[in-house]
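**Student:** Submitted below is the structure of interest, expressed as structure tokens.
Residue numbers (the numbering used here): 38 to 175.
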């Protein structure tokens, strides 16, 4: 799968973006940010799953909501290992990108966000992409 992933990243088409919901440039940026945290060592018993594949599994899960069994068929990684990979990579992404993620720190900031958002989406406080949560368009 790692070779196929390299080929998918290198393609000029939008296939990679369809696969992960991000550009290959953004994927490489994230990989550079987290590769040291998510890389594992090879052992005598097994070859480690590359950081590139670990990130791709996680992004595919986040982008599509595929269950672990579907990801198993796609990446040829056991569901048990996938259940370890996804939280580990999400933790690494949170740590690496914490300077880019800002949540309101007080009730006044939440109220201002609600006020700004209400102009476009009455009686709503936030928006959801719709991949994991079904919502009806108002």
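Glycine residues also receive a C-beta, built at the ideal position from the N, C-alpha and C atoms.
Just so you know, these numbers come straight off a predicted model, no measurement behind them.
Which runs of the alpha helix (DSSP H) spanning at least 4 residues fall entirely within the stretch 108-170, listed in chain order?
**Tutor:** DSSP runs (the alpha helix (DSSP H)) wholly in the stretch 108-170: 116-133, 144-155.
**Student:** Determine the extent of the alpha helix (DSSP H) in which residue 89 is found, giving its start and end residues.
**Tutor:** Run containing residue 89: 88-101, per the alpha helix (DSSP H) assignment.
**Student:** Tell me which residue opens and which closes the alpha helix (DSSP H) that residue 80 is part of.
**Tutor:** No alpha helix (DSSP H) contains residue 80, which DSSP labels as neither H nor E.
**Student:** With DSSP collapsed to three states, give me the class of residue 60.
**Tutor:** Coil.
**Student:** For residue 136, which residues of its own chain have a beta-carbon under 8 Å away from its beta-carbon, when the five flanking residues on both sides are left out?
**Tutor:** Counting only Cβ-Cβ distances below 8 Å, and skipping sequence neighbours, we find nothing.
**Student:** Run through DSSP, which three-state label would residue 51 get?
**Tutor:** In this structure, residue 51 counts as coil in the three-state DSSP scheme.
**Student:** In angstroms with no decimal places, state the Cα-to-Cα distance between residue 53 and residue 60.
**Tutor:** Each residue's alpha carbon lies about 7 Å from the other.
**Student:** When burial is assigned at 16 or more other CB atoms within 10 Å of the CB, is residue 62 buried or exposed?
**Tutor:** Residue 62 is exposed by the Cβ-count criterion.
**Student:** For residue 64 and residue 150, what's the separation of their Cα atoms in angstroms?
**Tutor:** Spanning the two alpha carbons is a distance of roughly 29 Å.
**Student:** Which value, in whole angstroms, describes the spacing of the CA atoms of residue 79 and residue 145?
**Tutor:** Cα to Cα, residue 79 sits roughly 50 Å from residue 145.
**Student:** Cα-Cα, which of 66, 141, 71, 55 is closest to residue 123?
**Tutor:** Closest option to residue 123, Cα to Cα, is 71.
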